[in-house]
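Numbered per the working numbering, the sequence shown finishes at 334, counting up by one with no gaps.
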Amino acid sequence: MQTAASHLDRCEYERKDDAWVEEQWSAAGSLLLSVDETGHVACTDDRRGVADRRPSGDYDPQRHYLLGRWRGAAVFAVLAAAEPSAGLRTLLPVLDDAGRELVLAAVALVNWHRTSPHCGSCGALTRVTTGGIVRHCDNCNRDRFPRSDPAIIVAVLDANDRLLLGHQVVWPTGRMSILAGFVSAGESLEQAVRREVAEETGVRVAAVRYLSSQPWPFPRSLMLGFIARAAGDELNVDGVEIEHARWFSRDELAEATSNGEVALPGSGSIAQGIIDDWRTGSLPRPEG
Ligand SMILES: [Zn+2]
47 MQTAASHLDR CEYERKDDAW VEEQWSAAGS LLLSVDETGH VACTDDRRGV
97 ADRRPSGDYD PQRHYLLGRW RGAAVFAVLA AAEPSAGLRT LLPVLDDAGR
147 ELVLAAVALV NWHRTSPHCG SCGALTRVTT GGIVRHCDNC NRDRFPRSDP
197 AIIVAVLDAN DRLLLGHQVV WPTGRMSILA GFVSAGESLE QAVRREVAEE
247 TGVRVAAVRY LSSQPWPFPR SLMLGFIARA AGDELNVDGV EIEHARWFSR
297 DELAEATSNG EVALPGSGSI AQGIIDDWRT GSLPRPEG
């Protein structure tokens, strides 16, 4: 799971100096990453890496957003179509941790600028400052920052360490994953875990413990991963979001995935990481 240190130096202090940011545009080794309106990222021909493109033309602080320093060089992002390009669902499984962090940051930042050009208070058009991570409203004289929407994702275990997997109504037949849902206004993460599990499957959660997180810019979620212990194993699925749910032992899940009955989430997702850790017995106990 993604608990390691960051590979991207976001240059929080240096980027306050506009002249320094502009120098990075033409500095040796700097890169420009294009992200289009659908969140697809310019990539290599084999779709297994990000495109190795140098910034060209004049630096435009309203369009070119400095992500930071990555592998020793400055990287900018821009909203632009590119060919070839690929979505995060294609790239995340094949990139290494450093590559994943870069494309997640690029997609999240470009998407925020694309969808939030106006001030949330007065509606005036804002302008980009601080090398691309802030939008300033001159009318309110206030800074606006990128938003993430918190969502919980939870591995629920019963008393015998069986894992609860659900099938969402909107998913293709056979696909199953651990439970997830958005955090409501004014709700703590632990409350959201208990509410979502009870709403979707009727299971009451006894113990809950935080594991790790992953940005998931579809369009701007932050997935917060938990492990929980169920107070009982009786299931009563809601039929609205979750169509059916089932407890799996490790052997049962291995059998169900090998015979094609169950398809698990794609690699590179936090869901897959948590399920893999459960399968190998490396998740901590929910009781702490
Ligand atoms: Zn304003």
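No residue lacks a Cβ here, since even glycine has one placed at the ideal position from N, Cα and C.
Legend entry - Residue environment, residue 58, which counts as buried when at least 16 other CB atoms sit within 10 Å: The residue is exposed, with fewer than 16 neighbouring Cβ atoms inside 10 Å.
Inset, instruction - Tell me whether residue 315 counts as near ligand 1, meaning its Cβ is closer than 7 angstroms to at least one heavy atom of that ligand. - result: Not so, every heavy atom of ligand 1 lies at least 7 angstroms from the Cβ.
Inset, instruction - In angstroms with no decimal places, state the Cα-to-Cα distance between residue 225 and residue 266. - result: A straight line joining the alpha-carbon of residue 225 with that of residue 266 spans about 19 angstroms.
Inset, instruction - Indicate, with yes or no, if ligand 1 has a heavy atom lying under 7 angstroms from the CB of residue 170. - result: Residue 170 Cβ: within cutoff of ligand 1.
Inset, instruction - Could you tell me the distance, in whole angstroms, from the CA atom of residue 149 to the CA atom of residue 281? - result: If you take the alpha carbons of residue 149 and residue 281, they lie about 38 angstroms apart.
Inset, instruction - Check whether the Cβ of residue 188 lies closer than 7 angstroms to any heavy atom of ligand 3, and answer yes or no. - result: This structure lacks ligand 3; the ligands present are ligand 1.
Inset, instruction - Check the DSSP bridge columns for residue 189 and list the partner residues they point to. - result: The partner list for residue 189 (beta bridge, DSSP) reads 182.
Legend entry - residue 185 beta carbon near ligand 1 (any heavy atom closer than 7 angstroms): Residue 185: yes, Cβ under 7 angstroms from ligand 1.
Inset, instruction - Flag this pair as yes or no: are the beta carbons of residue 244 and residue 324 separated by less than 8 angstroms? - result: No. Outside cutoff.
Legend entry - Exposure of residue 147, with buried meaning 16 or more beta-carbon neighbours within 10 Å: Residue 147 is buried by the Cβ-count criterion.
Inset, instruction - Could you say if the region 253-260 and the region 268-278 meet the contact criterion of at least three C-beta pairs nearer than 8 angstroms? - result: Yes, the region 253-260 touches the region 268-278.
Legend entry - Own chain residues within Cβ distance below 8 angstroms of residue 133, not counting five before or after: Spatial neighbours of residue 133 in its own chain (CB-CB distance under 8 angstroms, excluding positions within 5 residues in sequence) are listed in chain order as 84, 85, 86 and 87.
Inset, instruction - For residue 176, count neighbouring Cβ atoms within 10 angstroms of its own Cβ and tell me buried if that reaches 16, exposed if not. - result: Of the other Cβ atoms in all chains shown, 16 or more fall within 10 Å of the Cβ of residue 176; this residue is therefore buried.
Legend entry - heavy atom of ligand 1 below 7 angstroms from residue 162 C-beta: No.
Legend entry - Rounded distance between the beta-carbons of residue 125 and residue 61, thought under 8 angstroms: About 19 angstroms; that fails the 8 angstroms criterion.
Inset, instruction - Determine the contact status of residue 55 and residue 115, defining contact as a CB-CB distance below 8 angstroms. - result: Against a cut-off of 8 angstroms, the Cβ pair of residue 115 and residue 55 comes out as a contact.
Inset, instruction - Report yes or no: do three or more beta-carbon pairs, one from the region 135-146 and one from the region 312-320, lie closer than 8 angstroms? - result: Short answer: they touch.
Inset, instruction - Would you mind stating whether residue 78 and residue 100 have Cβ atoms separated by less than 8 angstroms? - result: Residue 78 is a Cβ neighbour of residue 100, given a cutoff of 8 angstroms.
Inset, instruction - Have a look at residue 228 and residue 234 and give me their C-alpha separation to the nearest angstrom. - result: Looking at the two C-alpha atoms, the distance is approximately 11 angstroms.
Inset, instruction - Pull up the distance between the alpha-carbon of residue 297 and that of residue 219, whole angstroms please. - result: CA-CA distance, residue 297 to residue 219, rounds to 21 angstroms.
Inset, instruction - Give a yes or no on whether 8 angstroms exceeds the smallest Cβ distance from residue 149 to chain E. - result: In the structure shown, chain E does not exist; there is a single protein chain.
Legend entry - Counted within 10 angstroms of its Cβ, other Cβ atoms place residue 172 as buried (16 or more) or exposed: Answer is buried; the Cβ neighbour count reaches 16.
Legend entry - Alpha carbon of residue 295 to alpha carbon of residue 214, nearest angstrom: The straight-line gap separating the alpha-carbon atoms of residue 295 and residue 214 is approximately 20 angstroms.
Inset, instruction - Quick one: which unbroken alpha helix (DSSP H) runs of 4-plus residues sit fully inside the region 51-88? Chain order, please. - result: Taking only runs of at least 4 residues, the alpha helix (DSSP H) segments lying wholly in the region 51-88 are 64-71.
Legend entry - CB-CB length for residue 248 against residue 283, believed under 8 angstroms: Going by Cβ atoms, the distance from residue 248 to residue 283 rounds to 7 angstroms, so yes, they are a contact pair.
Inset, instruction - Determine the DSSP secondary structure at residue 325, reduced to helix, strand or coil. - result: When DSSP states are grouped into helix, strand and coil, residue 325 belongs to the helix group.
Legend entry - Contiguous alpha helix (DSSP H) assignments of at least 4 residues, all confined to the region 266-332: Listed in chain order, the complete alpha helix (DSSP H) runs (minimum 4 residues) inside the region 266-332 are 296-304 and 316-325.
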